[in-house]
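Participant:
In this note's numbering, the protein residues as written are 1311 to 1684.
(1) For residue 1491, count neighbouring C-beta atoms within 10 Å of its own C-beta (all shown protein chains included) and say buried if the count is 16 or more, exposed if not.
(2) With distances taken from CA atoms, which of 1361, 1477, 1625, 1365 is nearest residue 1343?
(3) Taking DSSP's pairing of strands, which residues face residue 1508 in a bridge?
(4) Would you kindly check if the distance between the Cβ of residue 1584 and the Cβ of residue 1686 is under 8 Å?
(5) With a threshold of 7 Å on Cβ separation, who are the neighbours of residue 1554 within its own chain once the five nearest residues in sequence on each side are excluded?
(6) Just mark residue 1338 as buried or exposed, buried being the case when its beta carbon has 16 or more other beta carbons within 10 Å.
(7) Alpha carbon to alpha carbon, what distance is there between residue 1595 and residue 1402?
(8) If you draw a straight line from the alpha carbon of residue 1440 to that of residue 1447, how long is it in whole angstroms?
(9) If contacts are defined as beta-carbon pairs under 8 Å, then residue 1432 and residue 1455 qualify, I think. What distance do you get, rounded to the angstrom?
(10) Just verifying my parser: in three-state terms, what is the DSSP assignment at residue 1637?
(11) How about residue 1616 and residue 1570: are their beta carbons less than 8 Å apart?
(12) The alpha helix (DSSP H) spanning residue 1499 covers which residue range?
(13) Strictly by DSSP, which residues pair up with residue 1451?
(14) Give the range of the alpha helix (DSSP H) segment to which residue 1363 is assigned.
(15) Going by beta-carbon coordinates alone, are residue 1573 and residue 1532 separated by less than 8 Å?
(16) Rounded to the nearest angstrom, how far is the Cβ of residue 1406 from that of residue 1325, given a contact under 8 Å?
(17) Look at the alpha carbon of residue 1602 and the alpha carbon of residue 1341, and state the distance between them as a whole number of angstroms.
(18) Ignoring anything shorter than 4 residues or poking outside the region 1523-1602, list the alpha helix (DSSP H) runs there in chain order.
(19) Sorted by chain position, which residues of the same chain lie with C-beta nearer than 8 Å to residue 1346's C-beta, five sequence neighbours on each side aside?
(20) Under three-state DSSP, which class holds residue 1286?
(21) Closest by CA to residue 1373, which one among 1361, 1381, 1382?
(22) If the criterion is Cβ atoms closer than 8 Å, does the pair residue 1679 and residue 1660 meet it?
(23) Taking 8 Å as the limit between beta carbons, can you name the residues of its chain near residue 1312, skipping five residues before and five after?
(24) Between residue 1600 and the rest of its own chain, which residues show a CB-CB distance below 6 Å, the 5 nearest in sequence each way excluded?
(25) Go through its chain and collect everything with a Cβ distance to residue 1597's Cβ below 8 Å, but skip five positions before and after it.
(26) May I ask you to report which of helix, strand or coil DSSP gives residue 1486?
(27) Taking one C-beta from the region 1556-1570 and one from the region 1585-1594 each time, how about it: are there three or more such pairs within less than 8 Å?
(28) To the nearest angstrom, report how far apart residue 1413 and residue 1442 are at their CA atoms.
(29) Can you tell me whether residue 1619 is helix, strand or coil according to DSSP?
(30) Might you give, ordered along the chain, the residues of its own chain that have their beta carbon closer than 6 Å to the beta carbon of residue 1551, omitting 5 neighbours on each side?
(31) Does residue 1703 come out as helix, strand or coil in the three-state DSSP assignment?
(32) With burial defined as no fewer than 16 other Cβ atoms inside 10 Å of the residue's Cβ, what is the status of residue 1421: buried or exposed?
(33) Helix or strand or just coil, what does DSSP make of residue 1313?
(34) Would a C-beta distance cut-off of 8 Å place residue 1716 and residue 1450 closer than the cut-off?
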């Protein structure tokens, strides 16, 4: 029996709609960076975006193909993708979104099974149940970003569940170091911008402004805490897109109705979230629907900041393993009030947790590739 020699260097192609911002995009760059660091070739295909420069600076290669466009015209990319896979000697095709997954799979399935690349999908979300979404279960390995996603796929699709590999998203402890404090210049500018927050207990909800992310619940929580005599201030970090401006007005209207306009700050989008989290007292996640993973809670905990959230989805998994004191019964505002009150009065120390690190996520993903190309 002849044993194939181990392939020392892999060529991995990741496909996604664009590289603007977001968890899928960050995960793509994190894997690309790790591949390059370990002497593999990292190719990324997307319609481009603001993160391309970082990808290139970190040693990845980018191919500007609009493989995320939901249009019949996108079918023209199928023969071109097949040629690309061959010409670039791709070992692993890793798709992270449904349109690129369909295009890549249609190109891949017509190739010789003995010589074609291996096909990997990552399910980043709880997709609507349909034949369209079922493409994310057709990988030879299916990476789920949490047990919640894995359970959802198993419950809603007929496929070989032995292909699933759960790999939680990870936080880089170098980017979010335990006990981190911002520099004096940033602090001065922050408190010049928001002087009402200086020296106060600040609860922060980092999430884009959309109803299911819980900003209205957050406003009511601040009101209830203050009625208990706790001198807390609220900070909402995130912006509403053009279609959600009516919701932003609703949030502001509730703040004014409860006379909290001096006690709650809407900071909009911030690119310095690490610093913002580090000067907060408690970080919250109040999504009414389960998050596939949710990075904000592990980022806060990595900094050593107490965190609380509705304990479902990926947020519930992180809190269960890392900081159970922050678990809140989903959508139970009374329980939320009790948990946050306790964290403000006597927060348990936040331990350091190696399972949810970026390095763990990167190595586990490479291990999946190596299952297919040993």
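We put the CB at the ideal spot given by N, CA and C, even for glycine. The structure presented is a predicted model; accordingly, all values stated were derived computationally and were not measured.
Facilitator: To lay it out plainly:
(1) By the neighbour-count criterion, in which a residue is buried when 16 or more other Cβ atoms sit within 10 angstroms of its Cβ, residue 1491 is exposed.
(2) Relative to residue 1343, the option among 1361, 1477, 1625, 1365 whose CA is nearest is 1365.
(3) Answer is none; residue 1508 lacks a bridge partner.
(4) Shown here, the chain extends from 1311 to 1684; a query on residue 1686 therefore has no answer.
(5) Counting only Cβ-Cβ distances below 7 Å, and skipping sequence neighbours, we find 1519, 1520.
(6) Buried: at least 16 other Cβ atoms inside 10 Å.
(7) C-alpha separation (whole angstroms): 35 Å.
(8) So the alpha carbons of these two residues sit roughly 11 Å apart.
(9) Right, the Cβ-Cβ distance comes to about 7 Å (below 8 Å), so this counts as a contact.
(10) It is a strand residue.
(11) Contact flag unset, no.
(12) Secondary structure note for residue 1499: its alpha helix (DSSP H) is the uninterrupted segment 1494-1503.
(13) For residue 1451, which the question treats as bridged, DSSP gives the partners 1430.
(14) 1362-1367 is the span of the alpha helix (DSSP H), which, as asked, contains residue 1363.
(15) The criterion of a C-beta distance shorter than 8 Å is satisfied by residue 1573 and residue 1532.
(16) With 8 Å as the limit, residue 1406 and residue 1325 qualify as a contact, their Cβ atoms being about 7 Å apart.
(17) About 19 Å.
(18) The qualifying runs are 1525-1537, 1555-1567, 1583-1588.
(19) If we look at residue 1346 and ignore the five residues flanking it on each side, its Cβ neighbours are 1352, 1368, 1369, 1370.
(20) This structure cannot speak to residue 1286, because the chain is shown only from 1311 to 1684.
(21) With distances taken between Cα atoms, residue 1373 lies closest to 1361.
(22) No, Cβ-Cβ distance for residue 1679 and residue 1660 is not below 8 Å.
(23) Bear in mind that the predicted position of residue 1312 carries a pLDDT of just 46, short of 50, making it unreliable; the figure below should be weighed with that in mind. Closer than 8 Å at the Cβ level, and outside the excluded window around residue 1312, lies no residue.
(24) For residue 1600, where only same-chain residues beyond five positions count, the Cβ hits under 6 Å are 1458, 1622, 1623.
(25) For residue 1597, the CB contacts under 8 Å within the same chain, skipping 5 residues up- and downstream, are 1517, 1522, 1523, 1524, 1604, 1619, 1620, 1623, 1625 in chain order.
(26) If DSSP states are grouped into helix, strand and coil, residue 1486 belongs with coil.
(27) Output reads no: the region 1585-1594 does not touch the region 1556-1570.
(28) The straight-line gap from Cα to Cα measures roughly 12 Å.
(29) Three-state DSSP puts residue 1619 in a strand.
(30) So no residue of the chain qualifies.
(31) The structure shown has nothing for residue 1703, since the chain only spans 1311 to 1684.
(32) Sixteen is the threshold: since fewer than 16 other Cβ atoms of the shown chains lie within 10 Å of the Cβ of residue 1421, the residue is exposed.
(33) Note that residue 1313 has pLDDT 47, beneath the 50 cutoff, so the model's placement of it is unreliable and no number is given.
(34) The structure shown does not extend to residue 1716, since the chain is modelled only from 1311 through 1684, so no value can be given for it.
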